[in-house]
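One line per chain: the protein sequences are G and R, in this order. Counting from 11, one number per residue, gives the positions in the first sequence under the numbering used here. Counting from 11, one number per residue, gives the positions in the second sequence under the numbering used here. Yeah, the Cβ is synthetic: ideal placement off N, Cα and C, and Gly gets one too. Model, not experiment: these values are computed from the prediction.
2 protein chains.
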Amino acid sequence: MPTPHLLSPAGFRASAVYAGIRSKHHPDVALLVCDTLASAAAAFTTNKVFAAPIKLGRQHIKAGKIRAIVVNAGNANACTGPRGDRDALRMCQLAAGIVDCPPNQILPSSTGIIGHALPMKKLERGIVEAGRHLGRSADHAAQFADAILTTDLVRKTAGTTFKLGKETITIAGVCKGSGMIGPRLSIEGAINLSTFSPSRASAKARGSAAGSRADLRNKHATMLAYLTTDANIPAATLRNLLASSTNTSFNAVTVDDHMSTNDTAAILASGLSAKISSTADQKKFAAALDEVCQSLAHQIAADGEGATKTVAITVRGTKSPDIAKTIARAIANSPLVKTAMHGNDPNWGRLISAAGYAAVPFDPNQCVLKLQGTIVFRAGRPVPFNPAAVSKSLAAKEVTVDLDCRSGKSSATVWTCDLSKQYITINADYHT
Amino acid sequence: MPTPHLLSPAGFRASAVYAGIRSKHHPDVALLVCDTLASAAAAFTTNKVFAAPIKLGRQHIKAGKIRAIVVNAGNANACTGPRGDRDALRMCQLAAGIVDCPPNQILPSSTGIIGHALPMKKLERGIVEAGRHLGRSADHAAQFADAILTTDLVRKTAGTTFKLGKETITIAGVCKGSGMIGPRLSIEGAINLSTFSPSRASAKARGSAAGSRADLRNKHATMLAYLTTDANIPAATLRNLLASSTNTSFNAVTVDDHMSTNDTAAILASGLSAKISSTADQKKFAAALDEVCQSLAHQIAADGEGATKTVAITVRGTKSPDIAKTIARAIANSPLVKTAMHGNDPNWGRLISAAGYAAVPFDPNQCVLKLQGTIVFRAGRPVPFNPAAVSKSLAAKEVTVDLDCRSGKSSATVWTCDLSKQYITINADYHT
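Here it is as structure tokens:
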């Protein structure tokens, strides 16, 4: 069975068109429509500088009922004042006209340059045109996935299925994100479900096809993720499960730790497949959602600006998952760690010292550090290892760092990438 | 009058020798000796992974009385276990033998590679040899300043004087630091003196002579700063004043925000000049100390690994200095801001969005952002400006960013540098 795509879950159509918002000829307006009034949840950036579609989206998601998502690339509609608010609402009104629902059942998204008013004539034509091309094929899913990309080099898509009795539930998603990636999304009203432990992204959920080149002139890279499912699940449950999955996926990926003004992760549930009723059902759904979200997060790290490899940093043996994540994030965000990874340098000193300044409990005399499975540091001292062999193992496309703090039972994984000269090229040579 | 150097305050001698700890022939062991039993204070790294000399130094500084500082470059004596502790103590014993005092009146420091035992035979010979070459000349001061450098490209020295009645008090200092620079030093027992507002580093206190090239093979860049004064001042007062100055200087400079295991700032007061008695005296001393420390901090940013310019980020109009500093630090540490600065790109969106994720109160609709004196953003919206002209102004060696939050009376300045491909070269091509 092929990997499910965004439109594999029953009840979804999508489309994408080029409306001329980007300078480069590449789809820049997209619609994702649910045949039913979907149960919905969304997590938004916690940046105090947030775009107009974030402000409006927070209102529209409150009722937990969404018919469609309208999104444009090339312009973030951020720092655009009252006009930006009106333009975001106009996007929703146009999409609402297409699917015949109230505008507050539309979730708007934008990504691209900030501080510029949306070119509304182009965008209005684009949304109307997109409404004419809705379809359910894998091609339609791919077009939607491609339309949201900015500096990304590859399309990002994931999907999985699980059985509930005789019925199959599908969860799928697409995302974008390459630079300005340091999301800390939050969902209003979500309850922390710490009972759901994160499952790892399986190979099944992974898969990315070659996409279009970056359109650097319109760059303001944000993380956007859109998820679909045909599960029949109440919005309140969806909200809690998305919050939980987000914490171990989108909120656990960092390229440059620069949180964007437009970061969004949203999920629509058409309700056309089995009902999620029991706690056991919820756990199955949560595991599948974790799998999809973690695959997408991993793909963001892999396509990080200038990245030549991903680095999965797992910190375990802490008193809480938050402590583990804080240490992992400190390691992931150190430019010295990222450059060492780029140079295949088993520089454990940079890793351990980053753990030491994470401002949470950490005792170097207790811990064990492994690079690609090789112990390099234990109990406050380096452990002799073959530097050439470990360096060679660090030349892999996927590197693992494992730090066992030996002081508790919690753990967390953060995904990042190495820091190369290409990151400087992409971000220093681009002009607003 | 020439700028005072490290040995300009009455009562100090120094020396530096090459003991063979570094691979490159360059002084790597140095002594700074006070003729009297100096009043002393020191601020140390808050990294939970701290080197043996930090552990010992914290004990030795407690009494506030120090005769000499012994320092080596080329080996950090960090992650070296019980042997590291013994070696740090041995360094103090040897220095104590030279100046004839108890070992706990010696402050030890180390910088260089971590996880390797100090080559004690070489170091012991070096310390004894350094004891034979103590002197008070500008050359001796320069040799000491050079001996502590690692990846630094230039010597870092500053000094100033002020009058107390008819007597002149001199404060001077040297420091090192280029990469792995994100100090957050703390002084045990210091009282926060918020009444002393930071003065800006004046041109008088600035000045750096061409020093030696980086010795990349022995790299573990740390911030070390040593200050001397001939003021007659109790250790308790010195402690509070150093804490205050550190917060607006060494703790306000970041190159890559990677806190080291060995960061140290220490001050010795010989007591051979005027006595600091009144609050007015203290204020004068504090202003002079601020001036010297801020000059040194600025020199660290200017010599940041790969730096082509310094960026002074001032955030004002906040409800507390901590809020201002947190926002300034978030802006300073964003790789997107640093690369924009490298590319002379007036990318206000990256600056404002970094302020927005600093996790302290910030309202983009209140603030005014200036780049090199030009307003580019106000009240939530960009302000039209000439991009070519502002870009040209950003090509300066010293760039200023000024963000007025218009919600209070506090302010803070953080110094950083741009992020260039040279940073990647220095840190990815170096192997442990």
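Put simply, of R:Tyr367, R:Thr435, R:Ala322 the residue whose alpha carbon is nearest the alpha carbon of glycine 383 of chain R is R:Ala322. Under DSSP, tryptophan 425 of chain R takes part in a beta bridge, and its partners are R:Val263, R:Ala322. The DSSP assignment places 378 to 381, 384 to 388, 408 to 414 as complete runs of the beta strand (DSSP E) inside the region 350 to 415 of chain R, in order along the chain (cut-off: 3 residues). In terms of Cα proximity to isoleucine 181 of chain G, the closest of G:Asp267, G:Ser305, G:Ile64, G:Met190 is G:Ser305. Of all residues in the region 51 to 63 of chain R, only Thr55, Thr56, Asn57, Lys58, Val59, Phe60 come within less than 9 Å of chain G when Cβ atoms are compared, listed by chain position.
According to the DSSP assignment, tyrosine 433 of chain G belongs to the alpha helix (DSSP H) that extends over 431 to 438.
Boundaries cannot be given for serine 283 of chain G, as no alpha helix (DSSP H) includes it and DSSP labels it neither H nor E. Under the 8 Å criterion on CB atoms, lysine 431 of chain R is classed as interfacial with respect to chain G. DSSP places aspartate 240 of chain R in the coil class of the three-state scheme, outside both helix and strand. Buried is the label assigned to glycine 84 of chain G, since at least 16 other Cβ atoms lie within 10 Å of its Cβ. Its chain contains Arg360, Ala364 as the residues whose beta carbon lies nearer than 7 Å to that of serine 344 of chain R, once the 5 sequence neighbours on both sides are disregarded; these appear in chain order. The three-state secondary structure of serine 255 of chain G, taken from DSSP, is helix.
In chain G, no part has a C-beta under 7 Å from the C-beta of proline 129 of chain R; the shortest such distance is about 16 Å. As computed with DSSP, isoleucine 123 of chain G is found in a beta bridge with G:Asn85.
Taking a contact to require three or more Cβ pairs closer than 8 Å, the region 395 to 403 of chain R and the region 140 to 151 of chain R do not qualify as touching. DSSP places alanine 61 of chain G in the coil class of the three-state scheme, outside both helix and strand. As the crow flies, the alpha-carbon of tryptophan 425 of chain R is around 10 Å from that of asparagine 261 of chain R. At a C-beta separation below 8 Å, serine 270 of chain G has these neighbours in chain R: Ser363.
Approximately 7 Å separates the beta-carbon atoms of glutamine 292 of chain R and threonine 247 of chain R; this is inside 8 Å, confirming the contact. At a cut-off of 8 Å, the C-beta of cysteine 89 of chain R has a neighbouring C-beta in chain G. Glycine 175 of chain G has a beta carbon lying at 8 Å or more from every beta carbon in chain R.
Rounded to the nearest whole angstrom, the C-alpha separation of threonine 55 of chain R and aspartate 267 of chain G is 24 Å. For the set R:Leu278, R:Glu198, R:Ser283, the Cα lying nearest the Cα of lysine 176 of chain R is the one of R:Ser283.
The contact set of phenylalanine 372 of chain R on chain G, defined by CB atoms closer than 9 Å, consists of Lys58, Val59 in chain order. Of the candidates G:Glu408, G:Leu379, G:Thr328, the residue whose Cα lies closest to the Cα of methionine 351 of chain G is G:Glu408. According to DSSP, residue pairing for cysteine 44 of chain R in a beta bridge involves R:Phe22. For arginine 391 of chain R, a Cβ of chain G is located within less than 8 Å of the residue's own Cβ. Contact between the region 36 to 47 of chain G and the region 165 to 179 of chain G is not established, with fewer than three Cβ pairs separated by less than 8 Å. Chain G places no beta carbon closer than 8 Å to that of methionine 233 of chain R, leaving this residue out of the contacts. DSSP lists R:Leu174 as the bridge partner or partners of glutamate 177 of chain R. The alpha-carbon of glycine 189 of chain R is positioned some 36 Å away from that of serine 255 of chain G. Distance from the CA of serine 147 of chain R to the CA of threonine 46 of chain R, rounded to the nearest whole angstrom, comes to 18 Å.
In this structure the region 191 to 202 of chain R does not lie against the region 326 to 336 of chain R, because fewer than three pairs of beta carbons, one per stretch, are closer than 8 Å. Here aspartate 313 of chain R is buried: its Cβ has 16 or more other Cβ atoms, across all protein chains shown, within 10 Å.
Partner residues in the beta bridge of cysteine 185 of chain R, as assigned by DSSP, are R:Lys166, R:Ala235. Shown here, glycine 327 of chain G sits in a strand according to DSSP, grouped into three states.
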